[in-house]
Amino acid sequence: MNRLFCKILKSFRGKRGSTMVGVLAAMVFITVVTAFMVKNTGAQSAASIGYGTSMALHSTVNSGFFATETVLSNDNSVVAGHVLDVIKKVHAKDMSNPFLPSLGSTSGANKMVALGGSSEQFFSSKLNRIVTGTNYLATVEVNSGVKGAGKSLKRALVFYTLDNLGETRAMVEKADTIKRCPNVPETVSGSNNAVYMAGRLQDGNNGMEVVGGATFEEEVRFQNKQAIFHGEAFFKENVYFLANAGYVFEGNTYFNANVTFQNMNPSTMFKASVGVNKNLLADNMTVNVPGDFFTNGNFSSTTTNVKGTGSGKKAYYTNNFTANLNQLDYNPKSKQDTLMDIPKLMGMKSIDERRETSLVAFDELVNKIKAKFPSGTTIRDVSTVMASTGDLRQLDMTKLNNAYIADSIAGKLYEEHMVVLIDYPNKYDEFKTHGLNGTTFEKKVIFLLKSGKLASNGSFYCSSPESSTMIYVGENGQLQEFGSTCLFRGYIYIDVTNTSTENGFYWGTNSSIEGAYHNFSTKQFKWNFNGTGEPTKITYNAAVLAPFFTLKRGYVPGTGGGGSTNETVTSSDGCTYDITKTQTPSGALTIDREDATKGFSPIPKGYYFY
Numbered sequence: 020m021n022r023l024f025c026k027i028l029k030s031f032r033g034k035r036g037s038t039m040v041g042v043l044a045a046m047v048f049i050t051v052v053t054a055f056m057v058k059n060t061g062a063q064s065a066a067s068i069g070y071g072t073s074m075a076l077h078s079t080v081n082s083g084f085f086a087t088e089t090v091l092s093n094d095n096s097v098v099a100g101h102v103l104d105v106i107k108k109v110h111a112k113d114m115s116n117p118f119l120p121s122l123g124s125t126s127g128a129n130k131m132v133a134l135g136g137s138s139e140q141f142f143s144s145k146l147n148r149i150v151t152g153t154n155y156l157a158t159v160e161v162n163s164g165v166k167g168a169g170k171s172l173k174r175a176l177v178f179y180t181l182d183n184l185g186e187t188r189a190m191v192e193k194a195d196t197i198k199r200c201p202n203v204p205e206t207v208s209g210s211n212n213a214v215y216m217a218g219r220l221q222d223g224n225n226g227m228e229v230v231g232g233a234t235f236e237e238e239v240r241f242q243n244k245q246a247i248f249h250g251e252a253f254f255k256e257n258v259y260f261l262a263n264a265g266y267v268f269e270g271n272t273y274f275n276a277n278v279t280f281q282n283m284n285p286s287t288m289f290k291a292s293v294g295v296n297k298n299l300l301a302d303n304m305t306v307n308v309p310g311d312f313f314t315n316g317n318f319s320s321t322t323t324n325v326k327g328t329g330s331g332k333k334a335y336y337t338n339n340f341t342a343n344l345n346q347l348d349y350n351p352k353s354k355q356d357t358l359m360d361i362p363k364l365m366g367m368k369s370i371d372e373r374r375e376t377s378l379v380a381f382d383e384l385v386n387k388i389k390a391k392f393p394s395g396t397t398i399r400d401v402s403t404v405m406a407s408t409g410d411l412r413q414l415d416m417t418k419l420n421n422a423y424i425a426d427s428i429a430g431k432l433y434e435e436h437m438v439v440l441i442d443y444p445n446k447y448d449e450f451k452t453h454g455l456n457g458t459t460f461e462k463k464v465i466f467l468l469k470s471g472k473l474a475s476n477g478s479f480y481c482s483s484p485e486s487s488t489m490i491y492v493g494e495n496g497q498l499q500e501f502g503s504t505c506l507f508r509g510y511i512y513i514d515v516t517n518t519s520t521e522n523g524f525y526w527g528t529n530s531s532i533e534g535a536y537h538n539f540s541t542k543q544f545k546w547n548f549n550g551t552g553e554p555t556k557i558t559y560n561a562a563v564l565a566p567f568f569t570l571k572r573g574y575v576p577g578t579g580g581g582g583s584t585n586e587t588v589t590s591s592d593g594c595t596y597d598i599t600k601t602q603t604p605s606g607a608l609t610i611d612r613e614d615a616t617k618g619f620s621p622i623p624k625g626y627y628f629y
């Protein structure tokens, strides 16, 4: 056997050619070994196929190599585009369709195509891994057999470098539009999240009335106080309604996980379409839905009922629905063969599209503010607006007004806002804004809460229709019973780095927020301080948020390839539209060159037979 192998190697010694010479040598060696096994052992395994078949299979694998390289380097825009789609799928670990164009079938893992019209040689070629880095390594699996639908009798892995791939991030554009018409109230469009929460809403006792979008990424619990949603509501994780407080959803509502109704009557809750991706539990209850109803899940109780109350509306369900169909009281209703993309069917954006763009990290934000004023800092220490007698940690409204006037005269306002830094060595120290009920701050201020507690005990100052307050809560900051009994006009923002599990609201009678509340922290948030009166009204207002767009991640003024651009358009109806377009990365793998319709340059680096 060794003499025979040496003979084969000798026949190639001194020869020049492509990298395929080494492949052919390996093929011949493996063929000789196979023939030896057939002759001497009579084995009946897959490796013990006949000598002639073995030679044909090696020839087929060899042809598969060249066919793979031809497809990868094909400059046909359709083929190149298909190959790029396959590369993206494999890079994202989506193995649902890894076959190269025309070199395999999507109907099964071992479905092969005929080689050159032959009825005896079949092969397939598919990508099974993309390794990114300085050089992009593609692993391709070539299979061969004697039947198109048969098993693979010989296979090989081929390793190619694709040196004209690059990993860049495609940009997704989101537009916020402010519409202004003479004598017509301002309206907004876009994501419009008046409330966005990345973390858990713990015991929503105090209630909320949301004018605009509402998006919750973690578990939500409502109880005791009414919650009203005038726009679309999107819940990514489990939702619990634990008391009959009079909940109302006027827009389309989507529950991506389970939803539970307990100790209540949900018959008048929904005013539009409803989607439930998992299971619905409502013991001894009927949930009335005037719009369409979609579910990829089931009913968790035999006494749960959903009734369609709207004319011409329809219920959609899948094989996951094993409850009695009479519990789904709709006419008509339709069974779907596969899971539905419910938000898309409801005309709602996906969670990625609904997710707000966060502000930059704390230190970067401070540097952005400072960079606008090369002549000197624009950021005040909180000590300059604190009381000098009595409670020394108390906000002094007279000092706050005087400080604003001084910074305005000195030209040290950021987007017309005075900037105040709150940073205590002990993050548990309190900066108190108690006892300010009825006090109005008519100017504009940004509080940067880097460390410590902003404690208002539900008694924060009031806003005028022209004033603005932004509160940025950083990594070691905490909102302690934050709220008021009047209007808060501005932006309440909690950064993704925030570590506090004690952030909470305490809103009282006649309280409202005009602007937005966006919480990017994944920690729980408490809404269970017992404010009185009607639920706090939170109204999305893009005009209030506009001064803070420059602090968003990815914002680069005046560039078309990323960040944000601003334009004003006057239409034939006499209205003015101020459009802010924000671009954020999607994370997709793209080609790092201008012409994405060209083929690739596969360079073979190695082969492995098995």
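Per my numbering, the sequence shown runs over residues 20 to 629.
All residues carry an ideal CB built from backbone N, CA and C; glycine is no exception.
For Thr272, count the other beta carbons within 10 Å of its own beta carbon; 16 or more makes it buried, fewer makes it exposed. Which is it? buried
Since Ile465 sits in a beta bridge, which residues does DSSP pair it with? Note: Ile465 sits in a beta bridge opposite Val438 and Met489.
Option nearest Gly270 by Cα separation, candidates Glu251, Gly454, Gln281 and Ser286: Glu251
Would you kindly work out how many angstroms separate the C-alpha atoms of Gln346 and Lys112, rounded to a whole number? 39 Å
Looking only at C-alpha atoms, which of Phe141, Gln140 and Glu88 sits nearest to Leu119? Of the candidates Phe141, Gln140 and Glu88, the one whose C-alpha sits nearest the C-alpha of Leu119 is Glu88.
State the CB to CB distance for the pair Tyr266 and Met288, rounded to an integer number of angstroms; the pair is presumed to be in contact (CB under 8 Å). 5 Å
Note down the Cα distance separating Thr500 from Leu570, rounded to an integer number of angstroms. In the sequence under discussion, the amino acid at residue 500 is Glu, which differs from the Thr named in the question. Approximately 26 Å between the Cα atoms of the pair.
Quick check on Val306: buried or exposed, where buried means 16 or more other Cβ atoms within 10 Å of its Cβ? Buried: at least 16 other Cβ atoms inside 10 Å.
Looking at Tyr559 and Ala213, is the spacing between their C-beta atoms short of 7 Å? yes
Assuming the contact rule is C-beta atoms closer than 8 Å, Ile557 and Glu228 should be a hit. Round their C-beta distance to whole Å, please. 7 Å
Give a single yes or no on whether Ser620 has its beta carbon closer than 6 Å to a heavy atom of the ligand NAP. Annotation note on the ligand NAP: not contained in the displayed structure, which lists no ligands.
Under 7 Å Cβ to Cβ from Asn211, same chain only, skipping five residues before and after it: list those, please. Gly231, Gly232, Gly250 and Tyr559
Is Met216 helix, strand or coil by DSSP? strand
Looking at C-alpha atoms only, which residue of Gly471, Leu146 and Glu435 is the closest neighbour of Tyr447? Gly471
Do you know whose CA, among Val109, Val295 and Lys387, lies nearest Phe568's CA? Lys387
Between Asn243 and chain B, is there a C-beta pair that is closer than 7 Å? As a matter of chain content, chain B is missing from the structure shown, which is built from one protein chain.
Cα-Cα, which of Tyr349, Thr328, Asn324 and Ser531 is closest to Tyr335? Tyr349
Using 7 Å as the threshold, is the C-beta distance between Lys333 and Pro351 below it? The answer is yes: Cβ separation under 7 Å.
Measure the beta-carbon distance from Ala262 to Phe280 and round it to whole angstroms, keeping in mind my assumption that it falls under 8 Å. With 8 Å as the limit, Ala262 and Phe280 do not qualify as a contact, their Cβ atoms being about 10 Å apart.
Please name the residue, chosen from Asn517, Thr458 and Ala99, that lies closest to Phe507 on a Cα-to-Cα basis. Thr458
Go to Lys387, then tell me how far its alpha helix (DSSP H) extends in each direction, as first and last residue. Phe381 to Ala390
With a threshold of 16 other CB atoms inside 10 Å of the CB of Tyr629, please say whether the residue is buried or exposed. exposed
Under 8 Å Cβ to Cβ from Leu122, same chain only, skipping five residues before and after it: list those, please. Gly83, Ala86, Thr87, Val90, Val132, Phe142, Ser143, Ser144 and Lys145
Output needed for Tyr627: all residues of its chain with C-beta closer than 7 Å, excluding positions within five of it in sequence on either side, in chain order. Ala175 and Leu176
For a test of the three-state rule: what should DSSP assign to Ser470, helix, strand or coil? Strand at Ser470.
Any 3 or more C-beta pairs closer than 8 Å across the stretch 485-499 and the stretch 362-372: no
Quick one: residues in its chain with C-beta nearer than 6 Å to the C-beta of Ile490, no 5 flanking neighbours on either side, listed in chain order? Phe466 and Ile511
For Pro621, count neighbouring Cβ atoms within 10 angstroms of its own Cβ and tell me buried if that reaches 16, exposed if not. buried
Check the C-beta distance from Asn275 over to Phe254 and give it rounded, since I have them as a contact under 8 Å. 6 Å
Rounded separation between Val81 and Val150 - CA only: Reading off the sequence, residue 81 comes out as Asn, not Val. As the crow flies, the alpha-carbon of Asn81 is around 24 Å from that of Val150.
State the start and end residues of the unbroken alpha helix (DSSP H) segment that holds Phe104. Looking at the sequence shown, residue 104 is not Phe but Asp. Per DSSP, Asp104 belongs to the alpha helix (DSSP H) from Ser96 to His110.
Just to confirm, are Glu435 and Lys418 a CB contact at a threshold of 7 Å? no
If you follow the beta strand (DSSP E) that Lys418 is in, where does it begin and where does it stop? Unbroken run through Lys418 is the alpha helix (DSSP H), Met416 to Ile428; no beta strand (DSSP E).
Does the Cβ-Cβ distance between Ala264 and Asn298 come in under 7 Å? no
Quick one: give me the first and last residue of the beta strand (DSSP E) that Arg148 is part of. Phe141 to Val150
Can you grab the Cα-Cα spacing for the pair Gly625 / Leu384, in whole Å? 49 Å
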